[in-house]
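The structure under discussion appears below in the form of structure tokens.
Numbering (our numbering), first residue to last: 14 to 207.
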């Protein structure tokens, strides 16, 4: 059967032998070129230039910002934190138990300070408490100096612990005061809304 198909195809080719008219191929190519020229997309040369300029401006801005970051001064919040501890004895240096007590109070004081939500409404209250806290902090430094000069004694150690307790209590009072202010503000808002 395969041979029969081959023979059939060969016979068909012999029977139908088409010849193209003269110039047919040239006319076809001209039409094809004409159609392809019309389908050409417009050149985006100006868009390429604009994109290049934008990239250069972006890189220049980034370089400028990076260069100026080195000139920005850093703000030191508490630069005397560890200086005094290295020059003398602190409460925690006396015994492991006192170290635990000092660490406990300092950690909780820092935690309470971190939780404070200061706004324009409560700024005056917070500032008042912060002044009292600064007084207690300077008193703690004086007691530490006394500890270094006189040496450890029960009175100085208990005064240092009492100072830490008072600072923590002061911050807890501030927290309660801020909560009271917030709740009274919310009540006023609800009353005004009704």
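Glycine residues also receive a C-beta, built at the ideal position from the N, C-alpha and C atoms.
Inter-residue spacing [alpha-carbon to alpha-carbon] between residue i and residue j
i	j	result
residue 126	residue 187	10 Å
residue 114	residue 105	8 Å
residue 92	residue 198	Since pLDDT at residue 92 reaches only 45, below the 50 mark, its modelled position is unreliable, and the value read off the structure follows with that caveat. Answer to the nearest angstrom: the Cα atoms are 37 Å apart.
residue 109	residue 166	16 Å
residue 25	residue 45	31 Å
residue 76	residue 149	47 Å
residue 61	residue 27	58 Å
residue 63	residue 73	15 Å
residue 65	residue 59	10 Å
residue 189	residue 130	12 Å
residue 151	residue 128	22 Å
residue 164	residue 79	52 Å
residue 194	residue 146	20 Å
residue 81	residue 136	33 Å
residue 196	residue 112	38 Å
residue 200	residue 185	23 Å
residue 38	residue 57	34 Å
Local Cβ density within 10 Å of residue i, reported as buried at 16 or more and exposed below that
i	result
residue 176	buried
residue 117	exposed
residue 191	buried
residue 158	exposed
residue 96	Residue placement at residue 96 is flagged as unreliable, the pLDDT there being 43, under the threshold of 50; a coordinate-derived value is accordingly withheld.
residue 18	exposed
residue 169	buried
residue 21	exposed
residue 49	exposed
Where the alpha helix (DSSP H) containing residue i begins and where it ends
i	result
residue 165	First-last for residue 165: undefined, no H or E at that position.
residue 116	109–128
Chain-order list of residues whose beta-carbon lies under 7 Å from that of residue i (same chain, five-residue window excluded)
i	result
residue 174	114
Cβ shell of residue i (< 8 Å), same chain only, five flanking positions each side left out
i	result
residue 172	156
residue 138	187, 190, 191, 194
Neighbourhood of residue i by C-beta distance below 6 Å, restricted to the same chain and skipping five residues each side
i	result
residue 161	101, 102
For the 8 Å Cβ check, are there 3 or more pairs between the stretch 114–134 and the stretch 166–182? Touching, per the Cβ criterion.
Below 8 Å, how does it come out for the stretch 139–154 and the stretch 68–79: are there three or more Cβ pairs, yes or no? Using a C-beta cut-off of 8 Å, the stretch 139–154 makes no contact with the stretch 68–79, since fewer than three inter-stretch Cβ pairs fall below that distance.
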